[in-house]
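Enquirer: Below is a structure I'd like to ask you about.
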Amino acid sequence: MNKLNPKSPAPDIPRRTIDIVNASLKRRHAQERRFRWIGAFAVGLGLAFVVLLFADIVSKGYTAFAQTYIRLPITLSTEVIDPTGTRDIAAISGANYNKLIRDALYQQFPEITDRSTRRQLNTLLSVGAPDLLREQVMGNFALIGTTSEIWVLADDDIDMLMKGYIDRTSAQEERRVSDETIGWVTQLEQQGRIAKHFNTIFFTHGTSREPELAGIAGALMGSFYTLLLTLILSFPIGVGAALYLEEFAPKNRWTDFIEVNINNLAAVPSIVFGLLGLAVFIGFFGIPRSTPLVAALVMTIMTLPTIIIASRVALKSVPPSIREAALGVGASSLQTQFHHVLPLALPGMLTGAIIGMARALGETAPLLMIGMIAFIVDIPSGFTDSATVLPVQIFLWADSPERGFVERTSAAIIVLLAFLFLMNLAAVLLRRKFERRW
Amino acid sequence: MHAWMLILLLLALMTVAYQFGIKRAIRRAGGIAKISTLHSLPSYYGLYAALWAGIPALLLMGLWIGFQDQLVTSLMTAHLSADMLAGQSEGQIGLILNDIKNLATGNIVSATVTPEVQAAADQFARLQQMSVWAMWLAVLALALGGMAYAWHNTTPQMRARNRVESIFLIVMVICSSLAILTTLGIVLSVLFESLRFFEMVSPLEFFFGIDWSPQIALRADQVGATGAFGAIPLFTGTLMVSLIAMLVAVPIGLMSAIYLSEYAPRNVRAVAKPIIEVLAGIPTVVYGFFAALTVAPMVRDLGAAVGLEVASESALAAGLVMGVMIIPFISSLSDDVINAVPQSMRDGSYALGATQSETIRRVIVPAALPGIVGGILLAVSRAIGETMIVVMAAGMSANLTANPLDSVTTVTVQIVTLLTGDQEFDSAKTLAAFALGLTLFLVTLALNIIALSIVRKYREQYE
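Protein chains in written order, with the working numbering: chain A, 28 to 465; chain B, 30 to 492.
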């Protein structure tokens, strides 16, 4: 670059190499600083994305962990609930709780008597409120015949109003809540009859069309069954495959082919596994769709490459001296593996399995193909019940137009991320506890 | 009478067989004192018995459950009176059979329940019950038979360890072959359905047509009844979203990898690297939600502020978020290859008087280039196959456009749209999804093979 022809420069300016270098130093150092800054900026941008993502989700979702309730003095009269006085379960569960709640509500607003305004008043409360009251009474028969102050679930619009997502000062046409309703809510607020409590419904109920009644319990159980079966299937198969490929397989075309296959499967788009599940498991074998069983089969196939690769790394890290010592005292090659190598490699394999499970927990696309997006209210109680899983529930809720579902979606994401965090933490701790330097 | 109960029972039987096998072996050897006359350790005789009790029975059970439904249905169909099925098309017969099954399991029935159907349903339920009982009997008999065989075979001379070990080895070979079965399953299932699709729509139209509207009309007189399957708009949409994603991810990912591996102090690197890698662990549905509810409105408002009209489901929003998702792939893969460049090359460059950034740009990056390119190719294949972000944030309508502010659709979006909900397997609409899936699989496979071979070759270069 700095080739210098000693003859060409004019004799009056003696140009040595060092002068040229010195002259360019300033520019080069500026360039150096610039480059460094760009690098630091890129790292900062990456970190900023992480922070932005989490801040966005948390700020949208944290309010869903509280829910608005209205305290009403409800007269649980014996005539309505248990007319025969025999504590007959069927009669008690069939009673008209809706009427009890409405009467209590009308009592709070004695000035409202005409039917259409009363109908509007009823929209303060959730349509699920009577069912919740029934559950409460069924759990405690002593309530029957008493008048007690009971917190009744409010409608999602009221909930949004209380959480400040609906601007009370805006024009009436721009919001879902009328001026009258806002007046009633203000009146209830002044009486201390409306308040936010911890949202237990979110953790104990299945999904619902009503935001205030929608919970993640069904999706959580679906995810649990799916992951459990996935782990049961994929871990032994993955370890077996890794053990064979790493320790027993002869080096030939066939094993090379298997290796290439595994590496490529790890990079196949997940949606293709959904197509496989649809065509083979549902179409060919006739396994019922929307069940944890078929989801687990798809997830097993999807996580196997991850587990096999991690298990092989774990096996590689066990030093050959262990194997030689075992073989030297007369163990068979299988005894060497199962008694000595495998126990030493197990923590690494478990770490790989946990990471694979974390991937499976967050996976959505293939499950859309195999019918996990059905609207299922019931909480599944087995591997062959119709179910949905947490990420698919998030996808479904994200599509719902109600404002109340936005915060619930974010809250479900927070729960999902919390589980992922715990699983990764477990993997890290496991690695740290059992990691050995040979 | 659940299948799980039978499996549990079989496991219990295997435990019993294990214990008996050990006892039997010791007794045949002539008591605990003469145990050294046994060929293998007593526990191997136990395992031998347990495997004989379990494996044949489990295999039988799997086969039975797999074929029970077909067998029972064909038995029931044979019993149906001929006039009930006479003159009916195959589809109608299928409908009747479905009704009968639903009636037997207590589900909702589509047609009115005639006495014949009721009788058939009763017959069906009876047959099913019988089949379950027969399965229990057969499986348990086989398990006990296996146990008896092992019991009979247990002699001190029997090479129990070798036999057990060869079974274990076979099981491991089967496990490792599963990867091939999976690939085969993917290829066959997708290929088979795609071929059926290409019988209805010519491949030429599919790969080079520019009009995509897969709606098939239910009635002949409906508007737009033909359905068009030209996939070019999907390919261009996929490419555009991926391109935007790479424009975000490659500079940020590469520069942060360079900074973290060459400049950053050890403690900064120890903190920043795992935090950036958190981005790779976040489920894609979360990115989709973020793209649809935060980034897309933001992009639209920004566009409106400078006077641009931005679709509410723009390719830009989906591509930006996808780029964020891909940053850690690029950065950690580049980090690996940059670290693999030998220190001697850096030292040589410094010795010539180059600054650090000159060393990086003129020596390290060129040396690491094959690895970086491989990493980028892997990231491209990842972007093409990504589903949830585009399903939630990109559009459904197939526009052939080069404007990133417009709404586009991608291959994966269409696969999801065509296949969600209930539908049968023989319409061109559903089969089109498999043709798209095949295209996607082949393209990503090619990218992966190229990328992996580049990375491997690069690794060998410096080892």
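For each residue, glycine too, the CB sits at the ideal point set by N, CA and C.
In whole angstroms, give me the CA-to-CA distance for Phe-358 (chain B) and Ile-418 (chain B).
Expert: Each residue's alpha carbon lies about 17 Å from the other.
Enquirer: Among A:Ala-246, A:Thr-196, A:Arg-386, which residue has its Cα nearest to the Cα of Ile-494 (chain B)?
Expert: With chain B covering only 30 through 492, there is no way to say anything about residue 494 (chain B).
Enquirer: For the alpha helix (DSSP H) containing Glu-387 (chain B), name the first residue and the last one.
Expert: 385 to 388 is the extent of the alpha helix (DSSP H) around Glu-387 (chain B).
Enquirer: Taking 9 Å as the CB-CB cut-off, is Pro-185 (chain B) touching chain A?
Expert: Not an interface residue.
Enquirer: Looking only at C-alpha atoms, which of A:Phe-365, A:Phe-448, A:Arg-435, A:Glu-273 sits nearest to Thr-227 (chain A)?
Expert: Of the listed residues, the one whose Cα sits closest to Thr-227 (chain A) is A:Arg-435.
Enquirer: Pick from A:Thr-90, A:Ser-261, A:Gly-155: whose alpha carbon is nearest that of Gly-233 (chain A)?
Expert: Comparing Cα positions, the closest option is A:Gly-155.
Enquirer: With 9 Å set as the bound, which would you pick, yes or no: does the beta-carbon of Ser-363 (chain B) sit closer than that to a beta-carbon of chain A?
Expert: So no, Ser-363 (chain B) is outside the interface.
Enquirer: Please state if the CB of Ala-412 (chain B) and the CB of Ile-208 (chain B) are separated by a distance shorter than 9 Å.
Expert: In the sequence as displayed, the identity of residue 208 (chain B) is Ala instead of Ile. Against a cut-off of 9 Å, the Cβ pair of Ala-412 (chain B) and Ala-208 (chain B) comes out as no contact.
Enquirer: Keeping to the same chain, check which residues put their C-beta closer than 6 Å to that of Gly-266 (chain B); ignore five residues upstream and five downstream.
Expert: Excluding sequence neighbours, Gly-266 (chain B) sits near Val-437, Thr-438, Thr-439.
Enquirer: DSSP state of Thr-333 (chain A), grouped into three classes?
Expert: The answer is helix: DSSP assigns Thr-333 (chain A) an H, G or I state.
Enquirer: Where does the unbroken alpha helix (DSSP H) through His-56 (chain A) begin, and where does it stop?
Expert: Looking at the DSSP string, the run of the alpha helix (DSSP H) that includes His-56 (chain A) is 44 to 88.
Enquirer: Residues of the region 344 to 371 of chain A with a CB closer than 7 Å to any CB of chain B: list them in chain order, please.
Expert: Listed by position, the residues of the region 344 to 371 of chain A near chain B (Cβ gap below 7 Å) are Ser-359, Leu-361.
Enquirer: Would Gly-400 (chain B) and Ile-483 (chain B) qualify as a contact pair, given that the criterion is a beta-carbon distance under 9 Å?
Expert: Taking 9 Å as the Cβ cut-off, Gly-400 (chain B) and Ile-483 (chain B) qualify as a contacting pair.
Enquirer: Report the neighbours of Met-327 (chain B) on chain A: residues whose CB is nearer than 8 Å to its CB, in chain order.
Expert: Near Met-327 (chain B) there are no residues of chain A at all, since even the closest Cβ is about 10 Å away, more than 8 Å.
Enquirer: Taking beta-carbon pairs under 9 Å, can you tell me which members of the region 428 to 447 of chain A lie near chain B?
Expert: For the region 428 to 447 of chain A, which is checked against every Cβ of chain B, the residues closer than 9 Å are Val-433, Thr-436, Ser-437, Ile-440, Leu-443, Leu-444, Leu-447.
Enquirer: Less than 7 Å between C-beta atoms, sequence neighbours within five positions excluded: which residues of the same chain meet that for Leu-254 (chain A)?
Expert: Closer than 7 Å at the Cβ level, and outside the excluded window around Leu-254 (chain A), lie Met-384, Ala-387, Leu-388.
Enquirer: Checking contacts by CB at 9 Å: is Pro-238 (chain A) closer than that to chain B?
Expert: For Pro-238 (chain A), the answer is no, since every Cβ of chain B falls outside 9 Å of its Cβ.
Enquirer: Residues in its own chain within less than 7 Å of Gly-431 (chain A) by CB, not counting five upstream and five downstream?
Expert: Excluding residues within five positions, the ones whose Cβ falls inside 7 Å are Asp-183, Asp-186, Met-187, Pro-238, Glu-239.
Enquirer: Write down the C-beta distance between Leu-342 (chain A) and Glu-273 (chain A) rounded to the nearest angstrom, noting that I regard them as a contact closer than 8 Å.
Expert: That pair is a contact at about 4 Å.
Enquirer: Which ranges would you report for the alpha helix (DSSP H) in the region 307 to 351 of chain B if only whole runs of at least 4 residues count?
Expert: Counting only runs of 4 or more, we get 313 to 319, 325 to 334.
Enquirer: Grouping DSSP H, G and I as helix and E and B as strand, with all else coil, what is Arg-98 (chain A)?
Expert: Correct three-state label for Arg-98 (chain A): strand.
Enquirer: Who are the Cβ neighbours of Glu-222 (chain B) in its own chain at under 6 Å, not counting the five residues just before and after it?
Expert: These residues qualify, in order along the chain: Leu-460, Phe-463.
Enquirer: Rounded to whole angstroms, how far is the Cβ of Ile-328 (chain A) from the Cβ of Phe-300 (chain A), which I believe are closer than 8 Å?
Expert: Going by Cβ atoms, the distance from Ile-328 (chain A) to Phe-300 (chain A) rounds to 6 Å, so yes, they are a contact pair.
Enquirer: Please look up how many angstroms separate the CB atoms of Gly-125 (chain B) and Phe-153 (chain B), rounded, as I've assumed it's under 8 Å.
Expert: One point to set straight first is that residue 125 (chain B) is Ile, not Gly, in the sequence displayed. Actually they do not touch by this definition, with Cβ atoms about 12 Å apart.
Enquirer: Using a Cβ-Cβ cutoff of less than 8 Å, which residues in the same chain neighbour Leu-80 (chain A) once the five nearest sequence positions on both sides are dropped?
Expert: For Leu-80 (chain A), where only same-chain residues beyond five positions count, there are no Cβ hits under 8 Å.
Enquirer: Just the chain B side, please: which residues come within less than 8 Å of Asp-83 (chain A) by C-beta, in chain order?
Expert: Per Cβ cutoff of 8 Å: Phe-319, Thr-323.
Enquirer: When you compare only the Cα positions, how much space is there between Val-85 (chain A) and Ser-437 (chain A)?
Expert: One C-alpha to the other measures close to 7 Å.
Enquirer: Between Thr-449 (chain B) and chain A, is there a C-beta pair that is closer than 9 Å?
Expert: Closer than 9 Å to some Cβ of chain A, the Cβ of Thr-449 (chain B) qualifies, so yes.
Enquirer: Which ranges would you report for the alpha helix (DSSP H) in the region 379 to 425 of chain B if only whole runs of at least 4 residues count?
Expert: The region 379 to 425 of chain B contains these whole alpha helix (DSSP H) runs: 385 to 388, 394 to 414, 417 to 422.
Enquirer: Expressed to the nearest angstrom, what Euclidean distance is found between the alpha-carbon atoms of Met-248 (chain A) and Ala-380 (chain A)?
Expert: Taking the straight line joining both Cα atoms gives about 20 Å.
Enquirer: Taking only the alpha-carbon atoms, compute the straight-line gap between Glu-575 (chain B) and Thr-330 (chain A) and give it to the nearest angstrom.
Expert: This structure gives no information on residue 575 (chain B), because the portion of chain B shown stretches from 30 to 492.
Enquirer: Got a sec: which bits of the region 288 to 299 of chain A sit with their beta carbon under 8 Å from any beta carbon on chain B, in order along the chain?
Expert: Correct list: Asn-288, Ile-289, Asn-290, Asn-291, Leu-292, Ala-294, Val-295, Pro-296, Ser-297, Ile-298, Val-299.
Enquirer: Hey, quick one: how far does the alpha helix (DSSP H) through Phe-262 (chain A) stretch, first residue to last?
Expert: Its alpha helix (DSSP H) spans residues 244 to 270.
Enquirer: On the CB-based measure, 16 or more other CB atoms within 10 Å of its CB, does Ala-425 (chain A) come out buried or exposed?
Expert: Buried is the call here.
Enquirer: Beta-carbon separation of Leu-87 (chain B) and Ala-167 (chain B) under 9 Å?
Expert: Not in contact: Leu-87 (chain B) and Ala-167 (chain B) (Cβ atoms no closer than 9 Å).
Enquirer: Please decide whether Leu-92 (chain B) counts as near chain A, where near means a Cβ-Cβ distance under 9 Å.
Expert: It does not; no Cβ of chain A falls within 9 Å.
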